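Below is one structure; the comments refer to it alone.
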Amino acid sequence: MDSSDFLTMDDFDLAGKTVLLRVDINAPAKDGKIQVSDRMVEHAKTISELSRKGAKVVVLGHQGRAGETDFLPLEEHAAILSKLLKRRVKYVDDVLGSHARTEVKKLSPGKVILLENLRFLAEETLEVPPEEHAKSFLVKVLSSQANVFVNDAFSVSHRAQASVVGFPEVMPSCAGRIMEKEYYSLIKATSQGRTPVVYVLGGAKADDCFNLMKNALEKKNVNLVLTSGVLGELLLIASGADLKATQVWLEKEGFTKLLPRIKEVYGKYSTQIILPSDFAYEENGERIEIPLERLADVKKPVFDIGSATAEHYAAAIGDAGTVYFKGPCGTYENPLFEKGTKLVLKAIERGKAFSIMGGGHTLDALESLGINKNKISHISVAGGALLSFLSGEPLPGIEALKKAKARGNSK
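All residue numbers for the sequence shown refer to this note's numbering, where the first residue is 3 and numbers rise by one.
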């Protein structure tokens, strides 16, 4: 694999070296209990490789945000990683103190420790330039005890945080396997010029979808945008449609604040933005489909696109050269409303386009709807970083690794 943009683990002799490995093991917490995530499974492979090569592995990660219920210690994460690796990952309830420094110092080749939640340190999330993060206690203390920094956390590389951009300023640094795979798969997808490029945008994260759509259209990175979910409903309102009960729900949830910006973008690019033409709602436990022009007569909110829309979208996907899918077309968790998402995903599965997917709900949908993941060209474990990349924004974590290579921090 061409790794000319930054160094990778193949550029270092890691035997006997102390390696700081930044991962993204941030995971859902259900009733205060951490759930196993796809990211953990993938990061475990990188940890295993480092361990097999005789590195002394110091894993760095975070969980949640300050003030939120999932802002938790990483003890359970260490237990999950231990099960995945079938070897002990020792949890250290400290990052910078004497306990952490002692545990790092006494590591032997092949052994793995996980330090405490990095976001317990206020300096981790400060919004300052990389040069300032390089002067943080986190970077100064840990870099003095290690030989190499490995960033395997593509999914947090859109954040200019201390553990992401600080270490490459002061020590030899490279990309881990997830970082390498994610980055070059996306480079391939965006640079090979397989057209038309079709975005399929749905789900409940309307602001994310809108920003991606706007940036991609302005930069001429996309030919066609197939919309559903909250974004599709807001675009319909912007076009003058009357969604009645669904519109009331959108207002209640605060989504309609996006309407002024959505109207502006739709006015410029209406020929490239495709809107749903029919919908599905529930009546007496049954799925009822209704065309858009009759939606004003329905007193219930809709929960899926209709069959005509799904088939129209499937045909557009069949003609695509590149497809990016973000967010389900409806409430697929309910069997009554899985049809739209399933038809669209099946079209991607059997199509010839280079296909990219990412985000937690999308991955869940693939699993629950029986989509063959091997038929998807690239399934990303990233959310925000993937959006930033596709929007054409530089990722601070990637830029930091490029700078480290340019400085000659190798071997």
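For glycine and all other residues, C-beta sits at the position ideal for the given N, C-alpha and C.
Nothing here was measured: the structure is a model prediction, and the numbers come from that model.
Burial state of residue i (16 or more Cβ within 10 Å)
i	result
ARG161	buried
ALA322	buried
PHE212	buried
GLU182	buried
PHE139	exposed
GLN194	exposed
GLU369	exposed
LEU128	exposed
LYS259	exposed
ARG41	buried
ALA298	exposed
Residue i to residue j span [Cα, whole Å]
i	j	result
ASN336	ALA191	32 Å
PHE305	ILE180	35 Å
ASN149	LEU392	33 Å
ARG24	LYS113	16 Å
PHE156	PHE122	21 Å
ALA318	TYR326	13 Å
ALA282	ALA240	20 Å
GLY99	VAL106	11 Å
TYR201	LYS92	43 Å
GLU351	LEU371	12 Å
SER5	GLU266	Residue placement at SER5 is poorly supported in this model, since its pLDDT is 47, which falls under 50; the coordinates still yield a value, given next. Going from the Cα of SER5 to the Cα of GLU266 covers about 41 Å.
Neighbourhood of residue i by C-beta distance below 6 Å, restricted to the same chain and skipping five residues each side
i	result
MET38	This sequence places Val at residue 38; Met is not what is there. ILE82.
ALA29	ILE36, GLN37, SER39
LEU232	The sequence shown places Val at residue 232, rather than the Leu named in the question. Counting only Cβ-Cβ distances below 6 Å, and skipping sequence neighbours, we find ALA206, ALA208, PHE257.
MET173	SER145, PHE151
ARG196	GLY323, THR324, PHE356
LEU188	PHE391
Three-state secondary structure (DSSP) of residue i
i	result
ASP12	helix
SER84	helix
PHE139	helix
GLU291	strand
ALA282	strand
ASN259	In the sequence on display, residue 259 carries Lys and not Asn. DSSP places LYS259 in helix when its eight states are reduced to three.
ILE189	helix
Residues of its chain near residue i, where Cβ-Cβ distance is below 7 Å and the 5 sequence neighbours each way are ignored
i	result
VAL43	LEU86
HIS101	VAL94
LEU397	SER159, HIS160, ALA387, SER390, PHE391
ASP210	LEU389
Contacts around residue i, its chain only, beta-carbon distance under 8 Å, and the 5 residues preceding and following it disregarded
i	result
ALA17	LYS55, GLY56, ALA57, PRO111
LYS404	ASP7, PHE8
PRO170	PRO132, PHE151, ASN153, ALA402, LEU403, LYS405, ALA406, ASN411
ASP280	GLU291, ILE292, PRO293, LEU294, ILE307, GLY308, SER309, ALA310, THR311
VAL21	LEU52, ALA57, LYS58, VAL59, VAL60, ALA148, ASN149, VAL150, PHE151, VAL152
Closer than 7 Å to chain B by CB, residue i
i	result
VAL61	Of the protein chains in this structure there is only one, and it is not chain B.
Quiz item: Can you list the beta strand (DSSP E) stretches of 3 or more residues lying completely in the segment 150–179, in chain order?
Solution: The segment 150–179 contains these whole beta strand (DSSP E) runs: 150–153, 175–177.
Quiz item: Taking only runs of the beta strand (DSSP E) that begin and end inside the segment 291–374, which ones reach a length of at least 3 residues, in chain order?
Solution: Assignment of beta strand (DSSP E) within the segment 291–374, counting only whole runs of 3 or more residues, yields 324–328, 356–360 in chain order.
Quiz item: Along the chain, which unbroken stretches of the alpha helix (DSSP H) at least 4 residues long are found entirely within the segment 214–270?
Solution: Listed in chain order, they are 231–240, 247–254.
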